[in-house]
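Visitor: Just dropping this structure here.
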Amino acid sequence: MIIDGVMHTGRSGRSDSPGALPGSARFRELLMRYFPAALALSLVLAVTGSMGQAKVTGPADPRAGDLLSIGRTALAHGDVDGATDAFESALAVDPGYAGTLVALGDAARKAGMQGKAIHYYRVALDRDPNDLDAISGEGGAMAEKGALAKAHADLARLEGLCGKGCAETRALAEAIARGPAPKVVSADAVKPQPVAQAN
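Residues in the sequence shown are numbered from 55 upward in steps of one, following the working numbering.
Here it is in structure tokens:
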């Protein structure tokens, strides 16, 4: 069988069967048949790969940017409730911007709600695992809660991403140095002892 194939093919490498193409013509046919599909696939992979590297620098909707600016100003002046309202409005206007979640986490930290802050930071990190602000905020909230081992893990991660000199790394290092935040006690937790009065 193999010998018959060699005999039909001959020394030129061409088959004597009708419809068979010479080697270079066969290559050209394959090239023309599969080149458009290969080109389209490589273009899709290139665009998809570059989308993973793109960084979102700001909200897509300018109204969300205005609301974030209002919220940051309110937070800087100590108005945590006003800042939270502005940040939540910005999140409603542009739910895809992770910076709004980081801002909500910052407001929750200022209000003493570190657990809620950690939640916001983690949602932001789900969207962008290398978000420096979210890593720093999460580590700071962990330090304020007393989870210093996790805070140190976030600090090491930040040092690997941006070095020891970047602002996020310094902010987290300062939060770890401050240690756990004082516990806020509600009025219900502190009950006065009844005092017996003499008649």
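Where is the CB? At the ideal position from N, CA and C, for every residue including glycine.
Is it right to say Q247 is buried, meaning 16 or more other beta carbons lie within 10 angstroms of its own, or is it exposed?
Guide: With fewer than 16 other CB atoms across the displayed protein chains lying within 10 angstroms of its CB, Q247 is exposed.
Visitor: What are the boundary residues of the alpha helix (DSSP H) that D139 is part of?
Guide: Its alpha helix (DSSP H) spans residues V134 to V147.
Visitor: Could you check which residue in M196, P183, R126 and A171 has the C-alpha nearest to that of L215?
Guide: P183
Visitor: When DSSP labels each residue in this structure, what does A201 get in the three-state scheme?
Guide: coil
Visitor: My understanding is that A162 touches Y151, with C-beta atoms under 8 Å, so please give their C-beta distance in whole angstroms.
Guide: Not really, about 17 Å apart at Cβ, beyond 8 Å.
Visitor: Give the list of continuous alpha helix (DSSP H) stretches no shorter than 4 residues that lie fully inside the stretch 143-227.
Guide: 152-164, 168-181, 186-199 and 202-216
Visitor: Whole angstroms is fine: what's the gap from L158's alpha carbon to G166's?
Guide: 12 Å
Visitor: From I189, A128, P236 and P116, pick the residue whose C-alpha is nearest to that of P149; which is it?
Guide: P116
Visitor: Pick from I230, E213 and G112: whose alpha carbon is nearest that of K199?
Guide: I230
Visitor: So is L93 buried or exposed if we call it buried at 16+ other beta carbons inside 10 Å?
Guide: exposed
Visitor: Only counting the same chain, and skipping five residues up and downstream in sequence, which positions put a Cβ closer than 7 Å to that of V147?
Guide: D115, R117, A118 and L121
Visitor: Let's see if you can read the secondary structure: which residues bound the alpha helix (DSSP H) around D115?
Guide: From DSSP, D115 is part of no alpha helix (DSSP H); its letter is neither H nor E.
Visitor: From A235, Q168, F141 and S190, pick the residue whose C-alpha is nearest to that of A221; which is it?
Guide: Among A235, Q168, F141 and S190, the Cα nearest to that of A221 belongs to S190.
Visitor: Candidates A250, A235 and L209: which alpha carbon is nearest T223's?
Guide: L209
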